[in-house]
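Everything below concerns the one structure shown next.
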Amino acid sequence: MINLQIMAPKVSILIPVYNSEKYLRQTIESALNQTWKNIELIIVDDGSTDSSLGIARQFESDKVKVLSTINQGACNARNLAFSQSSGDYIQYLDGDDLLSAKKLEEQISLLGSSGRAISSCKWVRFYNDHDYPNPSFQHTYKSYDKPADLLLDLWSHQEMMQTSVWLAPREIILEVGPWNTSLRINQDGEFFGRVMLRSSGVLFAENSLVYYRSGVNNSITHKPRNREIVSSLLRSYTSLESEIFKIEKSERVYKALSYIYSSFIYHYNNLYPDLANTARNKLQEWRLKPMISVGGSSFVRVSSVIGFYNTLRLRKLLSGN
C-alpha cells in the first residue's frame with residue numbers, strides 16, 4: 009500500500025470562531041490530533057466577546073495561525089481564513105464541532121489522484137461531551153459518480169450534510185468563489201452545492217465521522233425564523249436552482265426542486281405568505297404539484313384527500329392565524 013503521507017498533500021483546516029470558549033479547545037485538539045499530519049489551522053475569531061481569542065492564541069505555532077476581526081459573521085470569517093491558507097485540500101470546521109481522528113487520512117486516501125473529486129463522510133448530532141450517538145442512516149451515505157445526483161438526493165430525501173463532512177481540492181474552492189455573506193441561513197448548503205456541481209464526483213469515507221454540536225445558544229438554527237432569515241433561506245434555494253440548471257434541466261431535477269419548494273411552502277405559508285407564493289409560483293410555472301410528503305403524518309393524510317393547498321388553508325383556520 010502506498011504511504012500517501014510521503015506525497016504529503018497539505019490540508020488547511022479553516023475554523024471560524026464566535027463565542028465558543030466552552031468548546032474551542034476541544035475543537036482545535038480534534039484538528040491537531042488528526043492522523044494526517046501535514047496540516048495547517050487558520051483560526052479566525054469573529055469579534056468574540058468571551059475568551060475564545062485567548063484560547064485560540066494558546067495554540068499558535070508554525071501549524072496554527074490565529075486572526076482576529078470585528079464581528080461580520082461566519083461566512084466572512086471563512087472567506088478570510090481561506091485567503092490566508094495554502095493547503096492543497098480545504099477542510100471547514102466550526103468552532104464547536106469535532107473531527108474523528110482519521111477523518112482527513114481516510115478522505116485523502118480515497119481522493120488520491122482523483123483530481124477534481126471531493127469527499128464526504130458520516131456525521132452525528134450530539135448535545136454534550138458524554139453522549140456521542142451513532143450516526144443515523146442517510147440515503148446519501150455513498151459515493152456518487154455524478155455530483156448532481158447527490159444534490160438531487162439531498163433534496164428528494166430532505167437530508168443534509170453537515171458543513172465539516174467535506175474535504176475539497178483547493179482548485180474547486182477557488183473556482184466556486186467565496187461563501188455568500190448575504191445569506192443568514194443554509195450558507196453551507198448553498199456553498200457546498202456549488203462545490204459539488206463543479207467536482208468530478210463525490211467519494212464517501214465510510215469510516216470517518218464528524219461530530220456536530222447542537223443546542224448551542226448562538227447557533228442560527230436556534231434563533232427565531234424572522235422574515236430576513238426565511239427570505240435568506242429562499243434565496244439559497246434559488247441560487248442552487250440556478251446552478252443546477254446550468255448543468256441539467258430534466259424531469260428529475262424539477263421533481264427534486266419541488267421537494268425543497270414544497271417544504272418551504274409547508275413551513276412558511278402562514279408566517280410569510282408572499283415568500284411562500286414565490287415558491288408556489290415556481291411549482292405552477294413548472295406545472296408540478298406540491299409534494300405532500302414534506303408535511304407531518306396528519307398533514308399528509310388530510311392532503312391526500314383534500315389537496316395540499318386546501319390543507320394549508322385548513323391548518324391556518326384551525327390555528328387562528
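Residue numbering for the sequence shown follows my numbering, starting at 9 and increasing by one per position. Cβ coordinates follow ideal geometry from the N, Cα and C atoms, glycine included.
Cut-off 7 Å between Cβ atoms - residues of its own chain near residue i, not counting five sequence neighbours on either side
| i | result |
| --- | --- |
| Leu88 | Val52, Leu75 and Thr77 |
| Phe145 | none |
| Thr57 | Asn27 |
| Arg221 | Tyr31, Asp104, Asp105 and Phe134 |
| Val261 | Leu160 and Ile252 |
| Gly123 | Ser208 |
| Trp187 | Cys83, Arg86, Asn87, Gln195 and Phe199 |
| Asp157 | none |
| Ser239 | Leu283 |
| Tyr152 | Leu158, Gly209 and Val210 |
| Trp163 | Ala264, Leu265, Tyr267 and Ile268 |
| Lys150 | Phe212 |
| Pro155 | Met204, Leu205, Ser207, Gly209 and Val210 |
| Leu61 | Asp53 and Ser76 |
| Gly95 | Lys18, Val19, Ser20, Glu48 and Arg178 |
Which of helix, strand or coil DSSP assigns to residue i
| i | result |
| --- | --- |
| Asp81 | Rather than Asp, the amino acid found at residue 81 in this sequence is Gly. Correct three-state label for Gly81: coil. |
| Val310 | helix |
| Asn188 | coil |
| Pro281 | helix |
| Pro143 | coil |
| Arg19 | Checking the displayed sequence, the identity of residue 19 turns out to be Val instead of Arg. Strand. |
| Ala125 | strand |
| Leu40 | helix |
| Asn318 | helix |
| Asn289 | helix |
| Leu296 | coil |
| Asn87 | helix |
| Gly328 | coil |
| Leu31 | Before going on, a small fix: residue 31 reads as Tyr here, not Leu. DSSP places Tyr31 in coil when its eight states are reduced to three. |
| Val224 | coil |
| Asp58 | coil |
| Ser305 | helix |
| Glu183 | helix |
| Ser93 | coil |
| Thr229 | The predicted position of Thr229 is uncertain, since its pLDDT is 45 and thus under 50; a value taken from the coordinates is nonetheless stated next. Three-state DSSP puts Thr229 in a helix. |
Residues sharing a beta bridge with residue i, DSSP
| i | result |
| --- | --- |
| Lys73 | Ile50 |
| Lys130 | Leu217 |
| Tyr25 | Looking at the sequence provided, one finds Val at residue 25 rather than Tyr. BP columns for Val25 point to Asp53. |
| Tyr152 | Val210 |
| Asn136 | Asp139 |
| Leu107 | Val218 |
Backbone CA spacing between residue i and residue j [nearest angstrom]
| i | j | result |
| --- | --- | --- |
| Thr229 | Tyr31 | Per-residue confidence for Thr229 stands at a pLDDT of 45, beneath the threshold of 50, marking its modelled position as unreliable; the derived number appears in the next sentence. Roughly 18 Å between the two C-alpha positions. |
| Asn41 | Leu49 | 12 Å |
| Gly209 | Ser93 | 24 Å |
| Leu265 | Asp102 | 28 Å |
| Leu112 | Leu322 | 50 Å |
| Ile255 | Glu249 | 10 Å |
| Glu167 | Val302 | 12 Å |
| Leu279 | Ser306 | 20 Å |
| Leu241 | Gly223 | 20 Å |
| Arg206 | Leu326 | 46 Å |
| Gln80 | Ser312 | 46 Å |
| Lys45 | Ser244 | 35 Å |
| Ser91 | Ala64 | 19 Å |
| Arg309 | Thr171 | 34 Å |
| Tyr97 | Gly328 | 52 Å |
| Thr189 | Ser247 | 13 Å |
| Gly73 | Phe67 | Contrary to the premise, residue 73 reads as Lys rather than Gly in this sequence. Their Cα atoms are separated by approximately 8 Å. |
| Ile181 | Gly315 | 43 Å |
| Pro298 | Ser258 | 17 Å |
| Lys18 | Val184 | 20 Å |
| Leu296 | Arg235 | 26 Å |
| Ala290 | Glu114 | Strictly speaking, residue 290 in this sequence is Lys, with Ala absent from that position. Cα to Cα, Lys290 sits roughly 41 Å from Glu114. |
| Glu179 | Ile21 | 15 Å |
| Ile300 | Gly197 | 23 Å |
| Ala176 | Asn318 | 44 Å |
Residue range of the unbroken beta strand (DSSP E) whose run includes residue i
| i | result |
| --- | --- |
| Gln99 | Tyr97 to Tyr100 |
Own chain partners of residue i with C-beta closer than 8 Å, once the 5 adjacent residues on each side are dropped
| i | result |
| --- | --- |
| Trp174 | Gln99, Tyr100, Ile126, Ser127, Ser128, Phe200 and Val203 |
| Ala284 | Phe272, Ile273, Tyr276 and Asn277 |
| Thr35 | Ile23, Ser28, Leu101, Asp102, Gly103, Asp104, Asp105 and Leu106 |
| Tyr140 | Val132, Phe134 and Tyr219 |
| Leu320 | Ile273, Tyr274, Asn277 and Asn278 |
N-terminal and C-terminal residue of the alpha helix (DSSP H) that residue i is part of
| i | result |
| --- | --- |
| Val173 | Careful: Val173 lies outside any alpha helix (DSSP H) and carries neither H nor E. |
| Gly201 | Gln195 to Leu205 |
| Val261 | Glu259 to Tyr276 |
| Phe67 | Unbroken run through Phe67: none, as it is neither H nor E. |
| Ser116 | The question names Ser, but residue 116 in the sequence shown is Ile. Element bounds for Ile116: Lys111 to Leu119. |
| Ile252 | Arg235 to Phe253 |
Contacting residues, own chain, Cβ-Cβ under 6 Å from residue i (five flanking each side not counted)
| i | result |
| --- | --- |
| Phe272 | Ala287 |
| Ser108 | Ser216 and Leu217 |
| Arg33 | Ile63 |
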